[in-house]
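For reference, the structure is listed below as structure tokens.
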Amino acid sequence: MIPLSSYLIVGAILFVLGMIGFLTRRNMILMFLCAEMMLQGVAINLVAFARHHGNLHGQVFTLFIITVAACEAALALALILMLYRTKKSLDVSLWQELREPGQEAILDLDEPVPELPREEPLPHLTPSGIAPPQKREDSYV
Amino acid sequence: MSDPATLLWLVPAFPLAACIITAFLGPVLLRKQSHWPTILGAACSFGCSLLLLISLHGITDFHPQFHTNALTWFAIDNFEVHFGLQADALTAVMLVAVTFCGTMIAIFSSWYMHNEDGYPRFFAIMSLFLFSMTGLVLANNFIVLYAFWEGVGLCSYLLIGFWFTKPSAAAAARKAFLVTRLGDAGMILGIMLLWLHSADGTNFKRSLDLNEILLRAHSSPYVTTACLLLLCGAVGKSAQFPLHVWLPDAMEGPTPVSALIHAATMVTAGVYLVARCSPLFVLSPVAQLVVAIIGGFTALLAAAIALTQYDLKRVLAYSTMSQLGFMFLALGAGLRDGNLIVLAASAAIFHLFTHAFFKALLFLSAGSVMVSMGHVIDMRRFSGLRKVLPTTHWTFLCGAVALAGLPIFSGFWSKDLIMDAVMEAGESTSPYRAIYLILLVSALITAAMTAFYTFRAYYLTFHGEEKIPPEAFHHAGEGHSEVAHPAHAHGEMEHPKNFEQSMAQKLPLIVLAICALFIGLASVSLWHIVAFLGRSTAFHVDKPERHTNWLMMGLSTVGALAGLVLATWMYYWRPGTANEVAARVPKLYEWSLYRFRFDELYGYLIIGPLNVWAQICRFFDAIVDGIVDLVGLSPRLLARFLQLIQNGLVQFYALVTIVFVTAFMAILVIWFGR
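Heads up: the protein sequence lines correspond to chains A and B, in order.
Under this note's numbering, the first residue of the first sequence is numbered 888, with each subsequent residue one higher.
Under this note's numbering, the first residue of the second sequence is numbered 3, with each subsequent residue one higher.
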């Protein structure tokens, strides 16, 4: 019989690992996976307590958590995809615009964001002909 | 159509419809044709007024009167204010003058304003004014009357400030509005007082119906107060002595506006109010005396100022004040002594009627001169225009003889009637008859001065060597030079002989000139206007009768002729004389030229102290504001620190959350684990 504390320790380790990963990684997919890991740590806790108390409350909660996590994964990956399409990078430190006006952006000097090659701009057509005349209004009163 | 009640509704309805059409369609559809709704509306309204007058004239009843069904405007508890119209002789005469002058001036405006920006706006406000003015005259209830009274005040404000980009015009509009508002405050108090005392104590369902109040008026201590308060409103609106300062400044507006609002119609609303309330006023000899003194004094004062003014429009403005003073003098001369009250009030209204025609004519002629001279209005800068502007010259002369009161022309009949009324007041048994005799003498002097300044303006403008200011050639036939569209600015006239070319300019002048000459004679001899006015419901007197006072006629003729001869001598036969006379009495001349320094006096007595008080209030307000701001500042200082953690970095937010949740948990554990 494995004691309750062992389960709790595993859960706590998973949670803390996830937390540390979330705080230190800049890749959005990895951050998302870390968040999932924290959820799993919580789920283990719940299942362990369910077994300890001898009822199904914790297991029901866990099922809910897994369902919600599945939906969240779909949404989060879709969002990450959109963000990637905009900036061509998964680095989360590129998304700092939602800060107080006047605050400096925080740059990681040890590991800077790699520069992406700029795309060639599309060619422009030279405008031709004469600008059309615009009717002048005398009075708007 | 001929049903009188329908006519009563139609008279204000036409201008209102014109106003709405012009206001909504003017800027988008009508543009330079915006004058048509106003002209047609005013003309239809004039037709209805004329029908009304004729049908009232035909009724042989003692008090001919029409009224519409009263609609309930609003009700508070069991106090109801009705909205209804009524017309009697007084109303009908006013309506005819207002709508006829309105039509003529609208036609003239279509020429005068044709190059202005805001052409539709001008005509929309003009229609609104005609609506308010006819409503004011037709109102059968003090509250309705007050509402329309404010309506004409608003239109006056809007039209004085028509060129609102010009600072002087904006200031003049504000001044007119504030000064008349001062009077209106008194008027609303007077109406409240009347309401309070209008019914016997037990009946709470009091009404403000004009007829009810006026017929049940009885002598009691409140009457004098109520009359004086109502007089405040009348004095403000009609630019009488203490509140007269706004009228000369109101000349900043376009000249047709000066003609319609500040000469022919709106300023006479005060006279109308006092005439309408004359059953109340005769109950209080003191109030009547105040009316007469204010009128007589204003007439003299304004005439004295008009003697030396060089601005043609200002001369006419002061002349308007002076003539309104005559009307008030006549109203004040109405004493409850046989048929005197009816004679006096009819004299005032008759003078109002003739004055509307000749003063509108004089203003329109001045407008014609002004536009032709490129908006130069200073009489020193042009002269000898009788060859250049032949039509205007003749029409101005017609207006001048009517205003001066030369025999058989309009002004003569009505002014004579006023003198007659004042003289009878002086001969009555009233305790104040000596004062009335003094006022009579001052009125005679004023009449002579009227003839003098009118012909002074005439000679300065149309006689002497021909002199035309250079502006006339640049802006001939143009709109207001400062706001005229640059695209038209180079439309030069090759010769000033072409100044008068438009029918819209000449037709109103000619029609009004004919009226100015003969309307007085026609009204007296053909239509018996005095007896007709005497049958109006406001003047409840049994036997209105008119007798000819040869002495008064002779005296006023002599006075007018003396003024005319003096003006001719000083400005036509020997043009240098005026300067010699001015040099002989420099103090007197200067005071007249600077309008007896009323503006400066009010500046020191009222505006100065009010400014100081406003500065004190502002200082106090700054202190209170500072305290309130201090309270508002503290959250902002706190936020200055908190906003450091709002740096947009997701991981930082997560870190902050974790740190604080951990701290919270630690506290909980320590707290409960003790």
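Note that the Cβ used here is the ideal one computed from N, Cα and C, for glycine as well.
Annotation: B:Thr24 to B:Ser111 spans about 15 Å, alpha carbon to alpha carbon. Inter-residue distance for A:Glu959 and B:Gly634 is about 42 Å (C-alpha atoms, whole angstroms). The three-state reading of DSSP puts B:Glu592 in helix, counting H, G and I together.
Against chain B, a Cβ distance below 9 Å from A:Met906 picks out Ala656, Ile660. Think of a sphere of 7 Å around the beta carbon of B:Val652: the chain A residues whose beta carbon falls inside it are Val979, in chain order. Ranked by Cα distance from B:Gly238, the options B:Ala266, B:Lys177, B:Arg278 are led by B:Lys177.
Straight through space, the alpha carbons of B:Trp529 and B:Gly43 are spaced by roughly 27 Å.
For chain B, none of the residues of the segment 936-947 of chain A brings a beta carbon within less than 9 Å of one of its beta carbons. Residue-level contact check: B:Asn649 touches chain A, since one or more beta carbons of chain A fall below 8 Å from its beta carbon. Between B:Asp186 and B:Gly235, the CB-CB gap stays under 8 Å. Only those residues of the segment 986-1004 of chain A whose C-beta falls short of 7 Å from the nearest C-beta of chain B are listed: Arg986, Glu987, Gln990, Ile993. Non-local C-beta neighbours of B:Ile296 in its own chain, meaning closer than 7 Å and more than five positions away in sequence, comprise Val237, Gln242, Phe243, Phe330, ordered along the chain. Nearest to B:Gly104 by alpha-carbon distance, out of B:Arg586, B:Leu646, B:Leu262, B:Asn143, is B:Leu262.
Under the 10 Å beta carbon count, B:Cys619 is surrounded by fewer than 16 other beta carbons and is classified as exposed. Boundaries of the alpha helix (DSSP H) around B:Ala108: 91-114. Where B:His69 is concerned, there is no enclosing alpha helix (DSSP H), although the beta strand (DSSP E) around it starts and stops at 67-69. Pairing B:Ala72 with B:Phe85 gives a Cβ-Cβ distance under 8 Å.
When CB distances to chain A are screened at a threshold of 8 Å, the residues of the segment 617-647 of chain B falling below it are Gln645, Leu646, in chain order. For A:Gln983, the chain B residues whose Cβ falls inside 8 Å of its Cβ are Asn649, Gly650, Leu651, in order along the chain.
Contact check for B:Leu231 and B:Met189: beta-carbon distance about 7 Å, within the 8 Å limit, so the pair qualifies. In the DSSP annotation of this structure, the continuous segment of the alpha helix (DSSP H) that includes B:Ala306 starts and ends at 287-308. Classified as buried, A:Met915 has 16 or more neighbouring CB atoms from the shown chains inside 10 Å of its CB.
Proximity of A:Leu910 to chain B, defined by a Cβ-Cβ separation below 8 Å, is satisfied. Residue environment analysis places A:His939 among the exposed positions, since fewer than 16 neighbouring C-beta atoms fall within 10 angstroms of its C-beta. Bounds of the alpha helix (DSSP H) holding A:Glu959 are 944-974.
In this structure, the alpha-carbon of A:Phe951 lies about 20 Å from that of A:Leu964.
If you compare the alpha carbons of B:Thr393, B:Phe81, B:Phe125 with that of B:Ile145, the shortest gap goes to B:Phe81. The bridge partners DSSP lists for B:Phe81 are B:Ile78.
Your pair A:Leu901 and A:Gly928 checks out as a contact, with CB atoms roughly 3 Å apart and the cut at 8 Å.
Shortest Cα-Cα distance from B:Leu160 to any of B:Ala289, B:Leu130, B:Val181, B:Leu147 involves B:Leu130. Under the 10 Å beta carbon count, B:Gln325 is surrounded by 16 or more other beta carbons and is classified as buried. Residue range 579-586 is occupied by the alpha helix (DSSP H) that includes B:Asn581. For B:Val225, the number of other beta carbons within 10 angstroms of its own is at least 16, and it is reported as buried. Annotation for B:Leu318: the continuous alpha helix (DSSP H) segment containing it runs 314-334. Residue burial annotation: B:Pro39 is buried, with at least 16 other C-beta atoms found within 10 angstroms of its C-beta.
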